[in-house]
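These notes concern the structure reproduced below.
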Amino acid sequence: MPILGDALVERARSTCATLFLTTDADVLMSIDSDIVNFTPEHVQTVCEGAEEHGVVSGLYVTRGTPVSNPRPSVVPMNGVEINLREPELVEMRWLPQGFIAVHRRVFEEMKKTLPVLHELKGGMWPFYQTFEFDDPDEGRILLGEDWAFCERARQAGFKSYLDPSVTVGHVGSYIYSIKDLGEYPRTLQLSHMNWIVRQ
């Protein structure tokens with residue numbers, strides 16, 4: 001159910017999730033238009049992960065330049081290691097929304113504390129609405145729609161997980177991949193949100 005013509009990403013994602021709740025599907029799989037090099041098996045893997053864990057994402061890197069090198073697209077819990085040789089689901093603090101599966105029960109729980117917006121046009125819950133957040137390491141920050149969603153899910157009782165067995169490409173000036181991070185496979189040691197670089 002693609003949402004077209006809305007430049008406000010948080011509203012488009014929220015509208016899509018609201019429409020999803022009108023179906024009988026169990027898992028919403030979101031794939032951004034700049035995510036490539038994935039297979040039906042990748043989609044199945046993260047969807048099956050979401051059935052058990054609620055929120056599961058594949059791994060990709062942000063687009064980079066010679067000054068701002070590509071980085072993993074996830075925000076870890078401090079001290080998290082991701083072993084790419086023996087991938088297992090790893091709890092993350094926040095995940096990007098470019099290749100992610102979310103189970104219906106996550107949205108159903110989140111909507112209990114959210115207002116219905118745009119009621120005259122059918123209504124939607126603002127699952128992805130950005131907000132300010134007091135981070136113990138960074139101070140007061142503004143969470144983008146992707147991190148805001150994961151934080152709301154956490155507050156509703158759901159952890160967010162990365163499945164490092166699912167690596168996909170991210171289109172920029174070329175197709176960025178996990179191999180842009182150096183030797184592959186290896187263990188990624190992620191410890192701080194400043195590892196996230198966005199273009």
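Be aware that the sequence shown starts at 1, since it is given in UniProt numbering, and climbs by one per residue. Built from N, CA and C at the ideal position, the CB exists for glycine as well.
Distance, residue j Cα to residue i Cα
i           : j      : result
residue 288 : LEU28  : Because the chain spans 1 through 199 in this model, residue 288 falls outside it and cannot be assessed.
VAL36       : ASP146 : 19 Å
PHE158      : GLN97  : 16 Å
TYR176      : THR167 : 11 Å
ASP163      : PHE38  : 13 Å
ALA148      : GLU41  : 28 Å
ARG154      : ASP6   : 27 Å
GLU51       : VAL106 : 10 Å
LYS111      : THR62  : 30 Å
THR113      : ARG152 : 10 Å
CYS47       : VAL9   : 22 Å
HIS170      : ASP137 : 28 Å
PHE20       : LEU89  : 25 Å
ASN83       : ASP24  : 36 Å
ARG140      : LEU59  : 27 Å
SER68       : LEU120 : Annotation note: pLDDT 48 at SER68 (below 50); position unreliable, no value reported.
ARG93       : GLY49  : 17 Å
CYS150      : ALA156 : 10 Å
ASP135      : ILE178 : 27 Å
LEU143      : GLN44  : 29 Å
HIS118      : HIS53  : 30 Å
PRO66       : GLY122 : Confidence in PRO66 is poor, its pLDDT being 42 and thus under 50, which makes the residue's placement too unreliable to answer from.
N-terminal and C-terminal residue of the beta strand (DSSP E) that residue i is part of
i      : result
PHE133 : 131 to 135
THR113 : THR113 -> no beta strand (DSSP E), and no H or E assigned at all.
LEU142 : 139 to 143
MET171 : In the sequence as displayed, the identity of residue 171 is Val instead of Met. Run containing VAL171: 169 to 171, per the beta strand (DSSP E) assignment.
LEU28  : 27 to 31
PHE99  : 99 to 103
Element boundaries [alpha helix (DSSP H), containing residue i]
i     : result
VAL43 : 40 to 53
THR15 : 9 to 20
Beta carbon of residue i nearer than 7 Å to that of residue j
i      : j      : result
VAL55  : VAL102 : yes
LEU95  : SER33  : no
ASN161 : GLU108 : A small fix is needed here, since residue 161 is Tyr in this sequence, not Asn. Cβ atoms of TYR161 and GLU108: not closer than 7 Å.
PHE99  : ILE31  : yes
ASP26  : ARG104 : yes
SER165 : PRO87  : yes
THR22  : MET124 : no
Bridge partners - residue i, DSSP secondary structure assignment
i      : result
SER160 : VAL55, MET92
ILE178 : For ILE178, which the question treats as bridged, DSSP gives no partner whatsoever.
Next on the checklist: Check whether the region 111 to 130 and the region 7 to 25 touch, using three or more Cβ-Cβ pairs below 8 Å as the test.
Outcome noted: Contact between the region 111 to 130 and the region 7 to 25 is established, with three or more Cβ pairs separated by less than 8 Å.
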